[in-house]
Structure formats: structure tokens, C-alpha cells
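So this note's numbering is basically just the index in the sequence shown, starting at one, shifted up by 25.
Written out below as C-alpha cells is the structure these notes cover.
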Amino acid sequence: MLRTLTIYGGSYAGDVADGVVKPNLKADYAPTGLWDTLLGAKVPDSGDPELAKKLIAESGEPMPTITYDYGQGPAQDKEAASIQASLAKAGITVKINPIPRGQRNSVEMNPATEGSLEWTAWAPDWLNASTVIPEMFTPSGGWPLSRANDKAFNDKAAAAKAELDRAKQGTMWQELDKEAMANAWAVPIRFSRTQRLAGSKVGAVSGINGQVYLWAPYGSWSYADLYVKK
26 MLRTLTIYGG SYAGDVADGV VKPNLKADYA PTGLWDTLLG AKVPDSGDPE
76 LAKKLIAESG EPMPTITYDY GQGPAQDKEA ASIQASLAKA GITVKINPIP
126 RGQRNSVEMN PATEGSLEWT AWAPDWLNAS TVIPEMFTPS GGWPLSRAND
176 KAFNDKAAAA KAELDRAKQG TMWQELDKEA MANAWAVPIR FSRTQRLAGS
226 KVGAVSGING QVYLWAPYGS WSYADLYVKK
């Protein structure tokens with residue numbers, strides 16, 4: 026994880042992720058323990074090939090060749106090469122499949138053309154993990170690239186969406202994030218940190234002293250209250 030983070034700019038690009046619910050969803054985030062305890066041992070940021078070999082052996086199944094789909098680009102090509110080289114240390118063969126920009130979603134969203142591992146990104150639509158967990162890990166979600174379809178998990182996700190007690194709901198999302206990581210339905214890489222520049226004549230109605238800001242849930246400009254200064 027540290028190598029891929031470094032490719033994108035280190036701490037300027039974000040932090041190593043331990044799940045799909047990010048820390049600024051304060052009511053719904055809790056450490057999953059993915060890199061500390063969830064896999065049976067602490068995994069350093071540089072990885073642990075021997076632990077990976079052990080987990081593969083314990084599965085009782087042969088490790089197939091992985092086809093890794095990703096949107097092609099200078100940084101993305103470096104990241105793919107890093108992933109390929111890193112997994113090779115654990116005896117995992119990765120075939121990289123760079124996809125031209127603009128075509129990636131049509132390939133990855135189609136079960137007939139997708140690879141076995143895909144680079145993707147997701148962000149909440151508002152400050153609730155109801156726009157994250159069900160979208161990624163249930164078949165009715167809008168971004169179900171995990172292809173997860175576990176009835177017990179689906180039922181718990183539906184119950185969490187319907188829960189009106191916000192504190193209780195947050196705990197339910199925390200537990201589901203941890204369960205998804207334990208099932209390896211996704212390999213989280215980083216909680217992204219967005220860096221942007223705005224012109225000196227651009228302001229935001231809700232910003233401190235009129236300063237522009239990024240909308241926290243999605244990391245986008247606050248388009249609804251931007252204005253141009255005279």
C-alpha cells in the first residue's frame with residue numbers, strides 16, 4: 026500500500042485505507058483492523074509476502090492468475106507495475122490489463138469482459154455510509170464490482186439503511202465495513218486527499234471569509250455556492 030501511495034504523492038495523496046468507509050464519515054467510521062489483526066497478523070505498509078503465502082495455503086485452493094483491469098495513465102501504469110511486482114513476491118501471477126480512459130467502466134461493469142481484480146474508486150454522496158456499503162457490496166447497489174451477494178450481509182445492509190437511530194446505524198455500518206474487509210470483497214488502497222487550486226477571484230458563500238472549499242463527502246467544489254468576485 027505504501028508504494029502505491031508514494032506513486033500518487035505520498036501524504037499529499039491521502040492515507041493508507043483500512044476499509045471503504047472513510048474517516049470523515051465520523052458517525053460511521055471505525056478502524057476495521059484489516060492491517061493489524063483481521064488477517065491474523067500485523068501487515069506492515071511494505072506488505073508481507075510470507076503471510077500472503079500462508080493465507081493462500083490455508084484456503085486450500087490453488088491461486089489463479091489474476092487479470093488486473095485499470096484505467097491507463099502515467100501514474101496508473103506505475104501503480105499497476107508495482108502491484109504486479111509486489112504480488113509476485115507472494116507467488117501470485119498478475120496479468121495487467123490497461124484500459125483506455127473512457128472505456129474502463131464499460132469493461133469493468135460487464136461480467137463478461139471484466140477481469141478478476143479492478144481498480145476503482147468510490148465516495149459517499151452524503152455523510153452516511155448508506156451511500157457506500159450497500160452500493161459496493163450488495164447486488165442492488167450502483168457500483169457492485171465486488172460481485173458480492175451474501176444474503177445475510179444483504180439483509181444486514183438493508184436493516185442498517187432502515188435504522189432510524191443514527192448512533193445505532195453508525196455502529197451497524199462499522200460492523201459491515203469490517204465484515205466486507207474480512208471477506209476480501211475489496212482491497213482498500215488509500216483514503217484520498219484532494220489537492221486543488223482556485224483563482225483569487227473565486228469565492229464561496231459558505232466558506233470562511235468567502236474562501237472556496239471542497240465539499241467533504243465527495244471531495245468536489247461546492248458548486249452551489251461559488252461566485253466570482255468583482
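Quick reminder that beta carbons are idealized off the backbone N, C-alpha and C, glycines included.
From the options, pick the residue whose C-alpha is nearest to that of residue i; which is it?
i	options	result
residue 99	33, 84 and 108	33
residue 114	77, 124 and 140	77
residue 103	189, 123 and 116	123
residue 254	146, 224 and 66	224
residue 219	37, 59 and 190	37
residue 92	58, 73, 80 and 132	132
residue 186	153, 249, 84 and 89	153
residue 209	173, 130 and 74	173
residue 117	141, 130 and 125	141
residue 233	194, 196 and 251	251
residue 127	97, 247, 217 and 156	97
residue 149	241, 88 and 85	241
residue 134	86, 168 and 247	168
residue 156	176, 194 and 137	194
residue 244	231, 151 and 139	151
residue 221	231, 246, 198 and 199	246
Please go through the same chain and pick out, in chain order, the residues whose beta-carbon is closer than 6 angstroms to the beta-carbon of residue i, but skip the five residues on each side of it.
i	result
residue 205	162
residue 28	107
residue 44	57, 202, 206 and 213
residue 119	91, 93, 109 and 112
residue 54	46 and 48
residue 64	none
residue 179	163
Quick check on the DSSP output: the alpha helix (DSSP H) that includes residue i runs from which residue to which?
i	result
residue 120	Unbroken run through residue 120 is the beta strand (DSSP E), 119-124; no alpha helix (DSSP H).
residue 195	191-207
residue 132	129-133
residue 247	No alpha helix (DSSP H) contains residue 247, which DSSP labels as neither H nor E.
residue 28	27-32
residue 101	99-113
residue 179	176-187
residue 139	Taken as a continuous stretch (DSSP letters only), residue 139 belongs to no alpha helix (DSSP H), as it is neither H nor E.
residue 149	It is not in any alpha helix (DSSP H) - residue 149 carries neither H nor E in the DSSP assignment.
residue 164	Counting along the chain, residue 164 falls outside any alpha helix (DSSP H), and DSSP gives it neither H nor E.
So residue i is in the beta strand (DSSP E); what residue range does that whole segment cover?
i	result
residue 228	227-229
residue 217	215-217
residue 40	39-41
Quick one: what's got a C-beta closer than 8 angstroms to residue i's C-beta in the same chain, skipping five residues either side?
i	result
residue 182	158, 159, 162, 163 and 201
residue 236	228 and 229
Throw me the rounded Cβ distance for the residue i and residue j pair, which I believe falls under 8 angstroms.
i	j	result
residue 238	residue 229	6 angstroms
residue 171	residue 211	6 angstroms
residue 144	residue 95	4 angstroms
residue 191	residue 52	6 angstroms
residue 41	residue 70	6 angstroms
residue 35	residue 216	Residue 35 to residue 216, Cβ: 13 angstroms. No contact.
residue 105	residue 121	5 angstroms
Near residue i, which residues of its chain fall below 7 angstroms by C-beta distance, leaving aside the five closest residues on each side in sequence?
i	result
residue 88	81, 116 and 117
residue 196	none
- prompt: Which full runs of the alpha helix (DSSP H) of 4+ residues lie inside the region 56-96, going along the chain?
  reply: Contiguous alpha helix (DSSP H) elements confined to the region 56-96 occur at 74-84, taking only those with 4 or more residues.
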